[in-house]
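This report refers to the structure that appears directly beneath it.
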Amino acid sequence: LIVAQRNFTSQMFQLAQKLEDVHSDGILTSCWSRQGTEEYIVTAGLDNNMIVWQRDRSRAFVAERLLEGHIGPVACTKATPDGRYMVSASTDNLMKVWDPTTGEQFSSIQCEPMENSLAVLSPDGDLVITCSRHGKFLVFKMMTGERVYESEPTTRYYYSLDYSPDGKYIAVGSNEGIVYLYDTETYQLIGSGEGKPNLKYSIKTTCHTMSIRGLTFSCDSKLLFTGSEDKNVKVWEIGSFPDVVSSFYGHLSFVTDIAVSPNPDVFASASSDHTVKIWELAERRCIQTLADHISHVWSANFNHDGTRLLSVSDDESMNFYVAE
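For the sequence shown, full-length UniProt numbering assigns the number 1 to the initial residue and increments by one for each residue that follows.
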């Protein structure tokens, strides 16, 4: 079922393929990977496994290979911009680096307990950053596993993480409803958020009333999107941070993920209300609700040109949409 509010000028997404029972338990994460003209999808979840999907001759996605190696649920997968590498983060305290096209594993990075429920790659693919419910984040060399930075532990929990495409900032969202923005030159949280913080290094601001589950930068690094257990999405302009540019309401339960499109006026939000919503930024309204899952939607992702959208769910299914 696809429910559209109105037919605006933005492209509408149609369900092109639905694959059910693709994992033996809930799917927690997904990402696109692209090498040349070939697109791949990687899904992972509670069954500890990752599956790489590739199009067949009919252009439908089929399972290409199974990536095994984790002994705990895989909570996060991210691919480098060139598609050569992918990192997976698991509750088994390991992050692993793979070639998604061959299944070759390049490195396995040991983390402390609960220190790698999230992972993100630097735009150049050199670093992998993870953060945790212990309230700190760590920076590693992706290929060697060398730890290059570790922040001091805090009492807060981190639930979301992203690295700006221009390489200047790391943003993390906490259980306090606070988003923290770090300068990647220092990684230090110098500004306290009280008074007038120094944007060059770091700032924090309360933006939600509950934990921030989804967080991502726009493709041009000018905006930051946050989604929360308070059911809301907020948009921040980095140049005037911490001022909120826009707020979006409409989900009936937690917002679990935010996906940005190369189209600067379109983004998507996934929710535990079983839906994915497509939003028009300029008009500040939802233009489409995708209601094809029957359980929590944990992840949504646009492909490189924004013409395709992927969602995965606790119902063990993945949905593939195309813009028309």
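Every residue, glycine too, gets a C-beta built ideally from N, C-alpha and C.
Around the beta carbon of leucine 121, a 10 Å sphere encloses 16 or more other beta carbons of the protein chains shown; the residue is thus reported as buried. Comparing C-alpha distances from tryptophan 279 to each of Asn303, Thr130, Lys231, Phe248 shows the shortest one belongs to Phe248. With 16 or more other CB atoms across the displayed protein chains lying within 10 angstroms of its CB, leucine 118 is buried.
For tyrosine 180, the enclosing beta strand (DSSP E) begins and ends at 178-183. For arginine 213, the enclosing beta strand (DSSP E) covers residues 212-217.
Boundaries of the beta strand (DSSP E) harbouring glutamate 150: 147-150, taken from the DSSP string. In this structure the region 316-323 does not touch the region 281-288; the number of beta carbon pairs closer than 8 Å is below three. Between leucine 161 and cysteine 131, the gap from beta carbon to beta carbon is short of 9 Å. The residues Cys219, Phe302, His304, Asp305, Gly306, in chain order, have a CB closer than 8 Å to that of proline 262 in the same chain once the five nearest residues on each side in sequence are set aside. The DSSP-derived three-state label of isoleucine 41 is strand. A check of alpha carbon separations from glutamine 110 across Gly167, Lys231, Leu138 identifies Leu138 as the nearest. A direct Cα-to-Cα measurement between tyrosine 157 and glycine 227 gives close to 16 Å. When the alpha-carbon of glutamate 68 is set against those of His251, Asn93, Ser88, the nearest one is in Ser88. Taken through DSSP and simplified to helix, strand or coil, glycine 26 comes out as coil. The Cβ atoms of aspartate 315 and serine 295 lie closer than 9 Å to each other.
For serine 317, the three-state secondary structure derived from DSSP is coil. A distance below 6 Å between beta-carbons, with the five flanking residues on each side excluded, links glycine 83 to the following residues of its chain, in chain order: Ser33, Arg34, Gln35. For arginine 147, the number of other beta carbons within 10 angstroms of its own is below 16, and it is reported as exposed. Distance from tryptophan 298 to isoleucine 27 at the Cβ level is roughly 7 Å; contact confirmed, criterion being Cβ atoms closer than 8 Å. In the three-state reduction of the DSSP assignment, isoleucine 238 falls in the helix class. For the pair threonine 91 and alanine 75, the Cα-to-Cα distance works out to about 7 Å. As computed with DSSP, isoleucine 278 is found in a beta bridge with Ala268, Gln288.
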